Structure formats: structure tokens, C-alpha cells
Amino acid sequence: MFRIIFLLFIPSLILGQLTTSAIKTNVEPNIDGDVINDPVWNNVEEISTFYQKTPDEGDYISEKTVVKVLYSEKYFFVSVVAYDNSPDEIIISDTRRDASLNNSDSFSFIIDTFKDFQTGYLFGTNPAGIEFDAQITGGGEGGSTSRRFSIGSGGGFNVNWDAVWEVKTEKGDYGWSAEFAIPFKTLRYKKDKNQSWGINFERVIARRKEEAHWSPISRQFTMNRLLSAGTIENINVPNSRNTKIMPYILSQKNNIIDETTTNSEDSNFGMDAKVSIGSSMTLDLTYNTDFAQVEADEQQINLDRFSLFFPEKRAFFLENAGLFSVGSGGGYSGPDIEMFFSRRIGVGTDGIPVPIIGGGRLTGTLSGMKVGILSMVTDEVKNVTDQNNYSVFRLKKELPNRTHIGGMYTALDHKGHDGYINQSYAIDAQLGIGELNKIIAFAGLTDTPGLKKENAYAFRLEGARDTKAISSSVSYAEVGANFNPEMGYLKRDNYRKWSARIFTRIRPENKFGLLELRPHINYDGYWKLNGFHESGRWHIDNHWEFRSGFEIHTGINLVKEGVLETFEVSDGVNIENGSYDDKEAQIMIMTNRSKPISFSSMNRFGGFFGGNRINMTPTIRFRYKDRFTSEFSYNYNKVELKNGKFTTRLIRSRLTYAITAKTYIQTLLQYNNQSDQWSMNWRFIWQQSAATGLYLVYNQTQDYDGIPINKSTKSFALKYSYLFDAFN
Numbered sequence: 140m141f142r143i144i145f146l147l148f149i150p151s152l153i154l155g156q157l158t159t160s161a162i163k164t165n166v167e168p169n170i171d172g173d174v175i176n177d178p179v180w181n182n183v184e185e186i187s188t189f190y191q192k193t194p195d196e197g198d199y200i201s202e203k204t205v206v207k208v209l210y211s212e213k214y215f216f217v218s219v220v221a222y223d224n225s226p227d228e229i230i231i232s233d234t235r236r237d238a239s240l241n242n243s244d245s246f247s248f249i250i251d252t253f254k255d256f257q258t259g260y261l262f263g264t265n266p267a268g269i270e271f272d273a274q275i276t277g278g279g280e281g282g283s284t285s286r287r288f289s290i291g292s293g294g295g296f297n298v299n300w301d302a303v304w305e306v307k308t309e310k311g312d313y314g315w316s317a318e319f320a321i322p323f324k325t326l327r328y329k330k331d332k333n334q335s336w337g338i339n340f341e342r343v344i345a346r347r348k349e350e351a352h353w354s355p356i357s358r359q360f361t362m363n364r365l366l367s368a369g370t371i372e373n374i375n376v377p378n379s380r381n382t383k384i385m386p387y388i389l390s391q392k393n394n395i396i397d398e399t400t401t402n403s404e405d406s407n408f409g410m411d412a413k414v415s416i417g418s419s420m421t422l423d424l425t426y427n428t429d430f431a432q433v434e435a436d437e438q439q440i441n442l443d444r445f446s447l448f449f450p451e452k453r454a455f456f457l458e459n460a461g462l463f464s465v466g467s468g469g470g471y472s473g474p475d476i477e478m479f480f481s482r483r484i485g486v487g488t489d490g491i492p493v494p495i496i497g498g499g500r501l502t503g504t505l506s507g508m509k510v511g512i513l514s515m516v517t518d519e520v521k522n523v524t525d526q527n528n529y530s531v532f533r534l535k536k537e538l539p540n541r542t543h544i545g546g547m548y549t550a551l552d553h554k555g556h557d558g559y560i561n562q563s564y565a566i567d568a569q570l571g572i573g574e575l576n577k578i579i580a581f582a583g584l585t586d587t588p589g590l591k592k593e594n595a596y597a598f599r600l601e602g603a604r605d606t607k608a609i610s611s612s613v614s615y616a617e618v619g620a621n622f623n624p625e626m627g628y629l630k631r632d633n634y635r636k637w638s639a640r641i642f643t644r645i646r647p648e649n650k651f652g653l654l655e656l657r658p659h660i661n662y663d664g665y666w667k668l669n670g671f672h673e674s675g676r677w678h679i680d681n682h683w684e685f686r687s688g689f690e691i692h693t694g695i696n697l698v699k700e701g702v703l704e705t706f707e708v709s710d711g712v713n714i715e716n717g718s719y720d721d722k723e724a725q726i727m728i729m730t731n732r733s734k735p736i737s738f739s740s741m742n743r744f745g746g747f748f749g750g751n752r753i754n755m756t757p758t759i760r761f762r763y764k765d766r767f768t769s770e771f772s773y774n775y776n777k778v779e780l781k782n783g784k785f786t787t788r789l790i791r792s793r794l795t796y797a798i799t800a801k802t803y804i805q806t807l808l809q810y811n812n813q814s815d816q817w818s819m820n821w822r823f824i825w826q827q828s829a830a831t832g833l834y835l836v837y838n839q840t841q842d843y844d845g846i847p848i849n850k851s852t853k854s855f856a857l858k859y860s861y862l863f864d865a866f867n
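So the working numbering is basically just the index in the sequence shown, starting at one, shifted up by 139.
What follows is the structure in C-alpha cells.
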């Protein structure tokens with residue numbers, strides 16, 4: 140009965156009626172994780188009522204949880220005591236900075252410093268004391284169908300934002316506790332002296348798959364949805380100044396063996412700087428930018444005639460990535476359009492690095508307007524690229540009720556081609572209708588020397604509704620034949636696209652151990668502007684999620700492919716022009732990833748361009764205590780076509796050993812038989828702050844295709860960077 144009554148009142152709670160007050164302290168707590176015995180916390184108001192989102196939506200949290208908030212002239216403090224009747228059953232799945240909190244006991248909180256329900260910050264930890272932080276943009280509306288803390292910057296959530304702050308934890312027979320100290324200069328906020336912020340808290344009890352919040356969250360959302368946050372009042376913010384300088388030194392050795400043997404050694408230095416301009420703007424500067432410490436790309440298998448999408452991994456470009464994100468989603472096949480794709484900067488054809496001379500980025504809020512300005516210059520690389528200048532200008536106005544309107548301008552100036560400047564212009568908007576509905580629009584134009592401006596356009600219009608039981612959307616997009624955003628990403632051109640989705644959530648009354656059923660239907664269809672049907676896909680599926688953490692997804696795909704030009708899908712095997720109608724069965728299995736050993740596999744069986752395909756992607760994960768994690772995956776395709784048959788294998792192994800929360804060793808091993816390439820990326824990382832420390836990196840790539848001969852590439856890099864805080 141309580142649950143029914145509670146659910147009826149969720150809408151009023153979500154509107155932010157939960158309120159608490161901040162207390163200023165002249166005596167700062169000792170940040171060591173021992174909350175219970177620190178007298179500074181004794182007389183602070185407790186926040187101890189938490190409501191489950193899962194597994195039993197609306198019920199009180201199963202374990203006592205006490206949160207307190209303080210602030211001083213320099214810091215915003217949060218403490219939690221996470222009581223647990225079975226402390227020996229607390230789960231810690233990883234100890235690296237920004238490691239996923241999905242499968243670990245954890246505590247996290249969000250703050251909406253502008254209280255605009257659009258932008259905010261997330262901070263979290265687990266009992267091992269890891270630092271997890273993220274930026275929230277676009278209201279944080281990523282839905283619950285994607286993992287809460289997945290690595291990336293999509294869905295209004297950017298885990299690649301790294302700030303300087305501190306957290307310490309303690310474990311005991313009572314459970315565990317944590318203390319957070321967030322410097323005000325890490326945050327951006329309004330100029331008003333006395334402020335109210337949006338805030339929410341989340342505790343995860345991994346062994347029960349339990350997720351609970353102070354301000355209740357409906358099952359279709361995550362805590363990232365700022366509209367669901369409560370309010371914390373009476374924060375007298377300081378006028379903080381923030382200037383950080385991060386110089387680095389780098390030593391690198393390379394060995395390349397092909398027709399000849401080439402050895403080279405190089406030493407270098409560079410610098411990044413971060414300067415606060417007032418309390419709401421940040422200027423980032425970079426000189427001789429280097430990304431030697433970044434993990435290598437994960438290889439992919441391409442069985443289609445469209446380009447692959449490799450996500451950005453470089454921290455400089457991932458910070459504030461949400462502000463610069465303008466484009467069109469692509470459904471099952473990844474993004475269709477990104478007006479600004481940062482991998483165009485500093486990465487040449489075939490992934491060849493291009494030196495970045497330097498640049499700057501200005502981001503923040505000015506007179507109620509989100510502002511983003513980026514300018515970068517890359518150097519010439521012989522036989523690869525000329526010197527280029529990349530510029531982006533972005534404006535975005537946040538309006539009430541999840542509504543915004545914005546614009547973007549990009550310019551790519553090819554310095555080696557006098558007068559050749561590729562320019563693009565875009566507008567984007569979202570109209571929130573009530574709490575559950577929205578209309579999303581995007582339109583873009585490009586101006587490319589040598590291409591007619593006629594048909595150099597793209598646009599998309601989408602309507603979406605997201606309720607507790609059903610999420611649905613329908614969209615239409617169109618891209619002209621001369622649309623050419625050279626600073627962006629374009630999967631295909633010259634098309635019209637219809638998309639539709641109906642996604643339902645059903646929670647049975649604990650029958651057969653089921654937690655939730657998610658039957659859904661998706662459709663994506665592409666037509667050339669002349670009417671030719673290029674691609675179509677019906678996806679009909681159901682997700683069976685059990686309270687044990689086991690999931691099985693069962694579905695079918697009805698696929699249509701229209702091929703205008705014959706293309707080679709594998710060595711000596713061609714897909715001829717024509718239309719193909721195929722059907723395939725799909726089944727995915729996932730076990731509970733909070734367990735020491737877990738397994739998942741996506742499998743497809745059925746038609747493929749008029750032939751047959753078997754596709755299996757098993758992955759096994761092994762964790763030893765909270766220090767060692769490993770993941771082994773195998774992507775297998777067996778394809779039989781009328782013109783031939785072939786098999787692809789992509790084998791990947793990722794091994795991580797954490798010495799401490801900030802010191803770890805990671806190895807990525809890959810073999811791809813489609814490119815006949817083996818690669819290894821080994822990294823030792825000792826972090827002193829969020830983005831600085833000591834990095835040892837070894838890369839090796841071995842090509843076995845024998846054209847003209849087998850090629851071997853080895854590189855070793857030693858990099859050290861340090862953070863100087865001018866106003867610490």
C-alpha cells in the first residue's frame with residue numbers, strides 16, 4: 140500500500156520540493172573518511188530518507204544511510220555514513236579513478252550550481268575511495284536504457300571531465316563512510332552571493348542490485364536528470380580565483396621495421412593552463428599538446444560500406460564536449476552527423492598522429508548564455524596533411540522546462556591551400572512540453588570551395604515522450620548530396636531517414652525472479668533523395684532482467700540493404716549492387732557484473748546480403764578482490780555469400796592491476812584478422828591529480844599482411860606532468 144501511495148506522489152517530489160539547508164563552518168572537517176568520530180559533523184542536519192528506484196521502486200532504502208553537507212570559504216563538503224548489516228558482503232569492483240560505479244557499492248551526488256536543470260556536476264566514490272566525477276549537460280537526460288556510468292560523453296553525461304577535489308573513505312563493522320571536499324574554484328556558478336543549488340544523492344548496494352536516492356527518481360531516468368533533484372539553500376559562495384598551470388616533459392623512442400629499419404628518439408615539453416574568468420567562465424590554453432598517455436583505440440570489424448566511428452578519448456577535447464555536441468543521432472549504427480568531431484584535430488588518415496601546435500578554449504555562462512569558443516592549430520605532416528587551423532563558435536540559451544535554442548559555427552582553414560576554408564553553420568533546439576514530452580530539432584549548412592551550395596544542407600526533427608511505462612519517439616532527417624562538414628563526422632550523405640521507437644517497461648510482482656521486462660520495437664530506414672531504399676532495419680526485442688542480475692535479450696531483425704555500387708566486404712569477396720532482404724535472430728546473455736566472474740555474449744544468426752552470417756561476441760570478465768580486473772572478448776563472424784565466404788576474428792584482452800586508487804597498470808591486447816594486425820598498448824599510470832602524474836607507455840603493432848612486407852612498429856614514451864595552483 141505504501142508503494143502505491145508513494146508512486147502517486149512522485150511527480151510532486153520530482154519537481155524539487157525536497158529541500159535542505161547548507162551550514163557554513165569555520166572549522167573544516169578532517170578529510171580522512173572517519174565521519175562518525177569527527178566532531179565537526181556532529182551538529183549538522185542529517186539527510187537520511189532514501190527511496191529505492193530499483194529493485195522495489197518507492198520502498199525505503201534497505202540499509203540506513205546518513206548524509207550531511209557543510210561548506211567553508213574554500214570547500215563544499217559532503218559526508219556519508221553507509222551503514223550495512225553485512226559489511227563483509229560489501230562489493231568493490233574496481234579501484235581506478237573514474238572506474239565504473241555500476242557494479243560496486245557506491246555513493247554519489249549531483250549538484251546543479253546554476254539551478255537551470257541543464258548543467259551540473261557529479262561526484263562519487265566506492266568503499267575503496269576512488270574519485271569519480273563527471274559533467275552533466277542537456278539536463279542529463281540519457282534514460283535508464285544505457286548504463287548509468289558508462290565511459291563516454293553521450294546522453295548528457297561526460298565522465299571524461301576530470302576535476303581537482305578530494306575524497307577519503309573508511310570501512311568498519313558498521314559499513315563504510317566517505318568524506319568529500321570539493322573546492323569552490325572547481326565549480327562554475329552564478330555571481331549571486333547567496334545561492335540555492337539543485338542537489339541529489341544516490342547510494343548503490345551492489346549485492347542487492349539496489350539503487351536509492353534522496354529525491355526520488357522514476358525508473359525511466361537516472362540521477363543525472365537534473366529536473367529530479369532537490370534543493371540545497373543558503374550557500375554563500377566565495378569569489379574564487381582559479382589559475383592552474385600543468386607543464387609536461389616527454390621522452391619518446393620509436394622503432395619501425397618495414398623495407399628498412401628506422402629508429403628515432405625525441406624529447407619534448409609542453410603546457411596546459413586553466414584560468415577562471417569570474418565565477419562562470421573558464422579559459423583553457425594548450426601549447427605543444429601531447430596525448431601519449433591516452434589508451435589506444437579499440438579495433439573494429441567493418442562489414443559494411445560506410446565509415447566506422449571511433450570515439451574521442453583525449454581528455455582535453457572531452458572536457459565540455461557536451462556543449463559542442465550538435466548533430467543527428469544514428470540509432471543502431473551510431474551517430475549519423477556530428478557538426479564538430481574533435482578527432483579531426485590532431486589525428487590524420489589511418490589514425491596517424493598530427494602534431495598540435497597549440498590553441499585555446501573558452502567556455503562558460505555569459506549573461507545567461509552558454510558560450511563555447513575553440514581554436515586549435517595543427518602542424519604540417521609530410522605526405523599526410525598541411526598546417527590547419529580549426530575554429531568553433533557555440534552559443535546555447537537555456538530556457539525553462541527543459542527547453543533550449545542554440546547555434547554553432549565551424550571553420551577549417553587549410554593553410555596549404557590558399558583560400559580553402561570549409562565552413563559550417565548549425566542551429567539546434569529542444570522544446571520541453573510538460574515533464575515527459577519534448578521536440579528536438581537540428582539544421583545545418585556547409586560551404587565548401589568547389590562544391591555547389593545547393594543541397595549542402597542537413598536537418599532533423601524528433602518528437603519524444605518518456606513515461607514510467609513507455610518511451611517512444613519518431614524522427615525524420617534529411618541530408619543533401621553536397622553537405623560536407625569537414626570538421627565533423629558524416630556517416631553517409633544524400634538521404635532521407637525515418638526512425639521510430641516504442642520501448643516499454645513492465646515490472647511483474649516478483650514472478651519467476653523477474654525484475655523487469657522491456658519489450659520494444661525500433662525502426663530505422665534510409666532512402667536516397669531520388670527514392671532508392673538504401674537501408675532499413677526493424678528490431679523487435681524483449682529484455683528479460685532478473686533480480687539476480689541475470690539478463691537475456693531475445694529478438695529478431697528484419698534488414699533491407701540497397702547497394703548502388705559493388706563493394707569489397709572481405710579480400711576477394713564482393714557485395715554486388717542490388718537489393719537484399721534478410722532476417723536474423725538475435726539473443727544476448729548477461730550475468731551479474733558485480734560478481735567476481737561474469738559473462739556476456741551478443742549473438743546473431745541469419746541472413747546477410749543475400750547469404751548467411753553467424754555473429755558471436757562472447758566476453759568474460761574476471762575480478763580478483765578489488766585490485767585485479769580482466770576482460771577477454773571475441774568478435775566472430777562466419778559469412779557465406781554467393782560470391783564467396785570468409786571468417787573474421789577480433790580478439791581483445793584488457794588487464795588492469797590497481798596498486799592504489801591512483802596508481803595502476805593497464806594492458807590492452809588486440810588481434811584483428813581482417814586487417815591481419817596484432818597490437819599491444821601497455822600503460823603505467825601514477826596520478827598525482829586528476830590530469831597530471833607519471834605515465835609510462837609502450838605500444839607495439841605488428842602487421843602480417845605482407846604488403847609489401849610485414850611491418851613492425853614499437854614505441855616507448857615516458858611522460859611527467861605536474862599541477863601548479865597559483866592561488867592555493
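From the three backbone atoms N, C-alpha and C, an ideal C-beta is built for every residue, glycine too. Owing to the predicted nature of the structure, the values given are computational and were not obtained by experimental measurement.
Residue closest to residue i, alpha-carbon to alpha-carbon, out of the options
i    : options                   : result
K699 : T730, W666 and N731       : W666
L240 : V343, T252 and N621       : V343
F598 : R533, A865, V465 and N181 : V465
E770 : I759, D423 and E184       : I759
Q526 : G311, I484, E437 and M508 : I484
A345 : P386, D227 and S211       : D227
L697 : G263, E684, R743 and G670 : R743
M420 : L442, K509 and A454       : K509
Y763 : P735, F296, Y313 and S740 : P735
H672 : N681, W637, D244 and H678 : W637
F296 : P266, G259, S316 and F319 : G259
N754 : R766, T768, I726 and R732 : I726
L833 : S814, M385, Y775 and S818 : M385
Cα-Cα separation, residue i to residue j
i    : j    : result
S860 : F246 : 30 Å
G417 : D251 : 18 Å
N381 : I321 : 13 Å
I231 : D223 : 14 Å
T188 : Q274 : 26 Å
E574 : A603 : 11 Å
N363 : G507 : 22 Å
S285 : D552 : Reliability of the predicted coordinates at S285 is poor, the pLDDT of 33 falling under 50, and no value is obtained from them.
Same chain only: Cβ atoms within 6 Å of residue i, ignoring 5 sequence neighbours per side
i    : result
S854 : N393 and N838
D109 : Nothing in the structure corresponds to residue 109, since the chain is present only between 140 and 867.
Y773 : P757 and I790
S709 : F785
T730 : F689, S737 and F738
A580 : A568 and L600
A582 : I566 and F598
W677 : Y662 and L697
Closer than 7 Å: residue i CB and nearest the ligand GTP heavy atom
i    : result
P355 : No copy of the ligand GTP appears in this structure; indeed no ligand is present at all.
Cut-off 7 Å between Cβ atoms - residues of its own chain near residue i, not counting five sequence neighbours on either side
i    : result
R883 : Residue 883 lies beyond the range of the chain shown here (140 to 867); nothing can be said about it.
A302 : D272, T325 and A829
R236 : I269, E270, A800, K801 and Q826
N169 : D177
S851 : I396 and Q841
Terminal residues of the alpha helix (DSSP H) in which residue i lies
i    : result
A454 : A454 to L457
N-terminal and C-terminal residue of the beta strand (DSSP E) that residue i is part of
i    : result
K535 : N527 to L538
A345 : From DSSP, A345 is part of no beta strand (DSSP E); its letter is neither H nor E.
W683 : H672 to F685
M741 : I736 to F747
I560 : I560 to I572
R788 : G783 to T799
Q274 : F271 to I275
E202 : Premise fails: E202 is in no beta strand (DSSP E) and is neither H nor E.
Same chain only: Cβ atoms within 8 Å of residue i, ignoring 5 sequence neighbours per side
i    : result
K332 : N375 and V376
I186 : T159, V205, V206, K207, V208, F340 and W353
Open item on the list: Could you check whether the stretch 369-388 touches the stretch 330-345, counting it as contact only if at least three pairs of C-beta atoms, one from each stretch, sit closer than 8 Å?
Closed with: A contact between stretches requires three or more CB pairs, one per stretch, nearer than 8 Å, and the stretch 369-388 meets this requirement with the stretch 330-345.
Should the stretch 487-506 be regarded as contacting the stretch 415-435, the criterion being three or more beta carbon pairs within less than 8 Å? Yes, the stretch 487-506 is in contact with the stretch 415-435.
Segment contact, 8 Å Cβ cut-off, at least three pairs: the stretch 529-538 with the stretch 448-457
Fewer than three beta-carbon pairs drawn from the stretch 529-538 and the stretch 448-457 are found closer than 8 Å, and the two stretches are therefore not classed as touching.
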